[in-house]
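Residue numbers (my numbering): 2 to 308.
To keep things clear, I will list the structure first and then write my remarks on it.
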């Protein structure tokens, strides 16, 4: 083989060589665990010989029985409904605030933009468990400064860790921690809009409000779709907030969210096969909802572009 040919093969193979570490990490830490979970979901433990005093346990093929049981499980269904109500609060409020903050920071009238941008983004840098613990203690009447102030002024002290207010308490933690990230994504898209677009709008007599509603928001629509996509995934996989607040209240059960039930079944009742089936169902539901939304958003953008 000539040196020119070896050099040609080396150049062509260089991209694949750079991909090898990422491919290995993807296979070991992502693909293989998913494949193992899917394999476990089709298995179950069969106990035989109970009449002899001590039954023999063996792993057998279960087919779709684990999936059938999961879909008929009322605890999993109720957890999904609770997460749905939680998401109806978190997603619109978080993305609405993120869009509002991004538009405010993109305005020429706002001062100290770097400091304000950092202050809004900073809660996202705090780990979710730490944020949930922080807000959890602020929700406790005995240690919260908010309840102390309310008591001094003779104002009512709501119980945020039970009933309907619990959804607001959990949603507040997610909104507080996730608004900054979404704001940065939208703000970056706003910064990419050419200044000539704003100048042309001002020459036509457009007000700042009209520029925001008619130009800025439509032009950052892809970023809004992206943030909505991420928010759906995070909402369906909520785990840190209710798990961290669980020791502080009796209103949060071990199956409050679907992922909490998966954890309970896998490590509490040691039924890893049912837990694997539930995890696969949650992953498929997340996949279908996310890509269904992306497809609907892309279809709408094509229809608007064709007008």
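Using N, Cα and C, we set each Cβ at its ideal position, and we do this for glycine too.
All of these numbers come straight from a predicted model, not from anything done at the bench.
Taking just the CA atoms, how far does residue j sit from residue i?
i	j	result
residue 219	residue 69	44 Å
residue 203	residue 100	22 Å
residue 152	residue 161	15 Å
residue 297	residue 303	10 Å
residue 265	residue 255	7 Å
residue 217	residue 262	42 Å
residue 54	residue 28	Caution applies to residue 54, whose pLDDT of 49 falls short of 50 and renders its modelled position unreliable; the value that the coordinates give is listed next. When rounded, the distance between both Cα atoms is 44 Å.
residue 82	residue 156	33 Å
residue 154	residue 135	24 Å
residue 194	residue 200	11 Å
residue 36	residue 206	59 Å
residue 166	residue 97	21 Å
residue 43	residue 300	37 Å
residue 102	residue 271	46 Å
residue 269	residue 32	26 Å
residue 158	residue 93	27 Å
residue 109	residue 209	10 Å
residue 34	residue 148	46 Å
residue 64	residue 293	28 Å
residue 14	residue 192	38 Å
residue 24	residue 215	44 Å
Is the beta carbon of residue i sitting closer than 7 Å to the one on residue j?
i	j	result
residue 185	residue 242	no
residue 170	residue 245	no
residue 181	residue 113	no
residue 138	residue 130	no
residue 168	residue 87	yes
residue 60	residue 46	yes
residue 84	residue 258	yes
residue 91	residue 236	yes
residue 106	residue 273	no
residue 252	residue 172	no
residue 150	residue 190	no
For residue i, which beta-bridge partners are listed by DSSP?
i	result
residue 45	61
Skipping 5 residues on each side, what residues in its chain have a beta carbon closer than 8 Å to that of residue i?
i	result
residue 95	175, 176, 179, 180, 183, 232
residue 238	260, 283, 287
residue 295	226, 230
residue 66	45
residue 146	139
residue 73	none
residue 1	Residue 1 lies beyond the residue range present for the chain, which begins at 2 and ends at 308; the question has no answer from this structure.
residue 111	105, 117
Can you name, in chain order, every residue of its own chain whose Cβ lies under 7 Å from the Cβ of residue i, other than the five neighbours on each side?
i	result
residue 71	77, 275, 278, 279, 282
residue 127	178
residue 104	213, 217
residue 307	none
I'd like the list of long-range same chain contacts for residue i, defined as Cβ closer than 6 Å, with 5 residues on each side in sequence excluded.
i	result
residue 247	253
residue 188	103, 106
residue 124	177, 178, 181
Jot down the residue ranges of each uninterrupted beta strand (DSSP E) in the segment 146-228, minimum 3 residues, whole runs only, in chain order. None, since the segment 146-228 contains no complete beta strand (DSSP E) of that length.
Could you name each continuous alpha helix (DSSP H) segment of 4 residues or more that falls completely within the segment 233-295, going from the start of the chain to the end? Listed in chain order, they are 241-246, 259-264.
Give, in chain order, every unbroken run of the beta strand (DSSP E) that is at least 3 residues long and sits entirely within the segment 57-113. The beta strand (DSSP E) runs of length 3 or more contained entirely in the segment 57-113 are, from start to end of the chain, 57-62.
Ranges of the alpha helix (DSSP H) found wholly within the segment 18-44, counting only runs of at least 4: 33-42, all fully within the segment 18-44.
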